[in-house]
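Undergrad:
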Ligand SMILES: Cc1cc2nc3c(=O)[nH]c(=O)nc-3n(C[C@H](O)[C@H](O)[C@H](O)COP(=O)(O)OP(=O)(O)OC[C@H]3O[C@@H](n4cnc5c(N)ncnc54)[C@H](O)[C@@H]3O)c2cc1C
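Residue numbers (the working numbering): 29 to 462.
#1: With distances taken from CA atoms, which of 103, 214, 75 and 94 is nearest residue 421?
#2: In chain order, which continuous runs of the beta strand (DSSP E) of length 3 or greater are located wholly inside the stretch 390-461?
#3: Could you name the residues that DSSP lists as bridge partners for residue 268?
#4: Comparing C-alpha positions only, which one of 410, 322 and 115 sits nearest to residue 216?
#5: For residue 345, which of helix, strand or coil comes out of DSSP?
#6: For ligand 1, is there any heavy atom lying closer than 7 Å to the beta carbon of residue 195?
#7: Based on Cα-Cα distance, which residue from 29, 389, 417 and 359 lies nearest to residue 460?
#8: Rounded to a whole number of angstroms, what is the C-alpha to C-alpha distance between residue 369 and residue 280?
#9: Suppose the cutoff is 6 Å on Cβ atoms and the five residues either side in sequence are ignored; what does the same chain contact list for residue 105 look like?
#10: If you follow the beta strand (DSSP E) that residue 123 is part of, which residue opens it and which one closes it?
#11: Let's see if you can read the secondary structure: which residues bound the alpha helix (DSSP H) around residue 85?
#12: Identify the continuous alpha helix (DSSP H) that holds residue 158 and give its terminal residues.
#13: Would you mind working out which of 415, 75 and 355 sits nearest residue 363, comparing C-alpha positions?
#14: Closer than 7 Å by C-beta to residue 178: which residues in its own chain qualify, once you throw out the five before and the five after it? Chain order, please.
#15: What number of angstroms, rounded off, separates the C-alpha of residue 245 from the C-alpha of residue 311?
#16: Relative to ligand 1, is the shortest distance from any of its heavy atoms to the C-beta of residue 199 smaller than 7 Å?
#17: Would residue 390 pass as a contact of residue 407 if the rule is Cβ separation under 8 Å?
#18: To the nearest angstrom, how far is it from the Cα of residue 304 to the Cα of residue 272?
#19: Taking the alpha carbon of residue 320 as the reference point, which residue from 186, 329 and 298 has its own alpha carbon closest?
#20: Which residues does DSSP list as the beta-bridge partners of residue 70?
#21: Starting from the C-beta of residue 396, find all residues in its chain whose C-beta is less than 8 Å away, skip the five residues before and the five after it, and write them out in chain order.
#22: Per DSSP, residue 191 forms a beta bridge with which residues?
#23: DSSP three-state call for residue 364: helix, strand or coil?
#24: Once you ignore the five residues that flank residue 403 on each side, which residues in its own chain have a CB closer than 6 Å to its CB?
#25: Got a sec: does ligand 1 put a non-hydrogen atom nearer than 7 Å to the Cβ of residue 32?
#26: Counting beta carbon pairs with one atom in the stretch 120-131 and one in the stretch 43-55, are three or more of them shorter than 8 Å?
Dropping the structure here:
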């Protein structure tokens, strides 16, 4: 059906608009505002954090490089580091916690939600719009002119000089008609529904984790994954269940940009969470008196659309620890695949290896005032298997935010931002480890 043309009131006119307030968008908006840009952050939910809070994933990955057994070096600075420090000092975060051949940072999702509130409200130049789904864009002669947000009062426009797409789904790029890709079944990560269990004997549960795959093999043939984890939230008696795989009925990965698949995935996710919680109560030490208190706000989506940028980061780049002259962020998480059957596969980097993300992977040819950050940057399926996690999402978001601020305030296309200056700044924040 044809949607009739209509007028939209101009709600705000900024230097920088950031769409999506997940780890990438939070870092981008804070960095742009701190760099001096009048910034508007548009988020479809009523709080920030993306998968950090929406999906309650429970650990921040990709913050550390493994240099040897038990030796971890931070590879993410700036906002990511600040989040970790502030959660730790509030007793709501802990890390590095060794995990397989690498390490993670464990955190309390509720605390992360409140911390994000505090961080954005402390910034004078940052205007946060909640319940503001970016549903369209207005393209002018010199690139993007405004985003259109869907609100209860109908569509409203938010104009800016530079835009940062941190929607996880490359919504701005897609609405602009720019090239995006989505991997087919077999080359796209599956979704999961996280769930909270209360009244758990946490010490007993953690002590039994090593036996978890064995218990699933013996008693959990009906479960959607043959592994997974229960993750303490650092609150008494509470853990997160990270052990579901949610697919379409034919086993293909859910494409959450399709509302019917998204709806079916949410329903299936809650059903599978109940099933997994029942398994924990029956078979896992520490869960005899536990109960499922809630599922995450929404199904956790690992992979959808991403841009086809000026440089496509590859799995080979990740594996070889690639370096780039225009590097703006670093990553060191293994390539982690939730793809085949019921299993999760990890391909670890060699000790001492981290890779870099070039500024070109944040840019789309033909889009002079758009940058992209987070899990929808220009990367192939194998590179994304590593850089989609939250450590690099914070880092890339921060780089995009500073670059957007500089482009907006000096009136140059994003491709002409002084990369040496950007790198020097990021380096001083610990974002570009040696
Ligand atoms: C089940 C699961 C478990 C995971 N486990 C971990 C883990 O343990 N550790 C880890 O580090 N990573 C984990 N990940 C990966 C990681 O959470 C994400 O890849 C990461 O959050 C990506 O950050 P992002 O900011 O790019 O996107 P997201 O976190 O997806 O955030 C996107 C934000 O944009 C908003 N948004 C989307 N579209 C629009 C729009 N059109 N308008 C306005 N707002 C919009 C969303 O509401 C959201 O707030 C996991 C992912 C899943 C799904």
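Where a beta carbon is used, it is the ideal one built from N, C-alpha and C, also for glycine. Small disclaimer: the values here were computed from a predicted structure and weren't measured.
TA: With the structure as the only source:
#1: Closest in C-alpha terms to residue 421, from the list 103, 214, 75 and 94, comes 103.
#2: The qualifying runs are 398-400.
#3: DSSP lists 224 and 259 as partners of residue 268.
#4: Ranking 410, 322 and 115 by Cα distance to residue 216 puts 410 first.
#5: Helix at residue 345.
#6: The answer is yes for residue 195.
#7: Of 29, 389, 417 and 359, the residue nearest in Cα terms is 359.
#8: In a straight line, the C-alpha of residue 369 is about 10 Å away from that of residue 280.
#9: Excluding the 5 residues flanking it on each side, residue 105 has same chain C-beta neighbours closer than 6 Å at 457, 458 and 459, in chain order.
#10: First-last of the beta strand (DSSP E) with residue 123: 121-127.
#11: Where residue 85 is concerned, there is no enclosing alpha helix (DSSP H), given that its DSSP letter is neither H nor E.
#12: From DSSP, residue 158 is part of no alpha helix (DSSP H); its letter is neither H nor E.
#13: Answer by Cα proximity: 415.
#14: Cβ within range, chain order: 161 and 163.
#15: Roughly 11 Å separates the two Cα atoms.
#16: Under cutoff, so the answer is yes.
#17: It is not a contact, given that the beta carbons lie outside the stated cut-off.
#18: The C-alpha of residue 304 lies about 7 Å from the C-alpha of residue 272.
#19: Closest option to residue 320, Cα to Cα, is 298.
#20: Paired residues: 47 and 157.
#21: If you ignore the 5 residues before and after residue 396, its C-beta comes within less than 8 Å of the C-beta of 170, 171, 441, 442 and 443, all in its own chain and listed in chain order.
#22: Paired residue(s): 45 and 398.
#23: Three-state result, residue 364: strand.
#24: Excluding the 5 residues flanking it on each side, residue 403 has same chain C-beta neighbours closer than 6 Å at 196 and 416, in chain order.
#25: No, the beta carbon of residue 32 sits no closer than 7 Å to any heavy atom of ligand 1.
#26: By the C-beta criterion, the stretch 43-55 is judged not to be in contact with the stretch 120-131, since fewer than 3 inter-stretch pairs fall below 8 Å.
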